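First up is the structure itself, then whatever we jot down about it.
Chains as they are written, first to last, in my numbering: chain A, 1 to 112; chain B, 113 to 229.
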């Protein structure tokens, strides 16, 4: 069945250090891999995405890497800042359809 | 920057009552979605809507749920007879295109918190 697994569920990182969150997916046909950031009381906001024709994409302190063979993709945040504290969700469309299936979320806490 | 707006931000209702949640998607978007998030859990797909009809729905989206785009701008989610377990944040999202291979870049609203007593 459709499945997107996300690890870790919680992550605490010292300010300035890097954070990495990983997602694995089950459908080898998936071709779009976004990451969403959800701050308290708000909706998910797209922060970065990658398509299956590239292995890595970077936007300032945020990067996403994709390993299609292993069916996993990761979010990398470097030089973390307090405002990076939030819940992060990976997502991907599974089973060849339009909808996004979300991972279980990672609560990232940046320790000042 | 264009945004998806949702009303109300919070609604409290009695079990068995009908609730309508409203969304105004981004104006040039063609794909519309409702997602649900129970407190502390992941975001779950409810339904997608394209070309004035439901294109896909999850098993959560049973006969108590319906969606409508009555006037070409609003997109509504109706729950006919609310249950305690319907308490959650409901997010509307919209997407402009299907993208290559069927992927959609979605913009989410801030959500409507539904509390069923």
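The beta carbon of each residue, even a glycine, is placed where N, CA and C say it ideally should be. Owing to the predicted nature of the structure, the values given are computational and were not obtained by experimental measurement.
Would a check of beta-carbon distances place residue i closer than 9 Å to chain B?
i	result
residue 44/A	yes
residue 58/A	no
residue 19/A	no
residue 49/A	yes
residue 100/A	yes
residue 91/A	yes
residue 103/A	yes
residue 32/A	yes
residue 16/A	no
residue 109/A	no
residue 8/A	no
Checking the sheet assignment: what are the DSSP bridge partners for residue i?
i	result
residue 58/A	63/A
residue 122/B	225/B
residue 160/B	145/B, 168/B
residue 201/B	149/B, 225/B
residue 173/B	None, per the DSSP bridge assignment.
residue 51/A	32/A
Using 9 Å as the limit for Cβ to Cβ distance, is residue i near chain A?
i	result
residue 226/B	no
residue 116/B	yes
residue 218/B	yes
residue 180/B	no
residue 168/B	yes
residue 177/B	no
Measuring CB to CB, does residue i end up less than 9 Å from residue j?
i	j	result
residue 88/A	residue 109/A	no
residue 188/B	residue 124/B	no
residue 143/B	residue 220/B	no
residue 171/B	residue 159/B	no
residue 30/A	residue 93/A	yes
residue 4/A	residue 91/A	yes
Under 7 Å, CB to CB, which of the residues in the region 148 to 161 of chain B have a partner in chain A?
154, 155, 157, 160
Are at least three pairs of beta-carbons, each pair with one atom in the region 63 to 72 of chain A and one in the region 181 to 190 of chain B, less than 8 Å apart?
no
Between the region 66 to 85 of chain A and chain B, which residues of the former have a C-beta closer than 7 Å to a C-beta of the latter?
none
Does the region 55 to 66 of chain A come close enough to the region 124 to 134 of chain B to have 3 or more Cβ pairs within less than 8 Å?
no
Are the region 193 to 204 of chain B and the region 150 to 157 of chain B touching by the rule of at least three beta carbon pairs closer than 8 Å?
yes
Indicate whether the contact test is met: 3 or more Cβ pairs, each with one atom in the region 2 to 21 of chain A and one in the region 75 to 84 of chain A, closer than 8 Å.
yes
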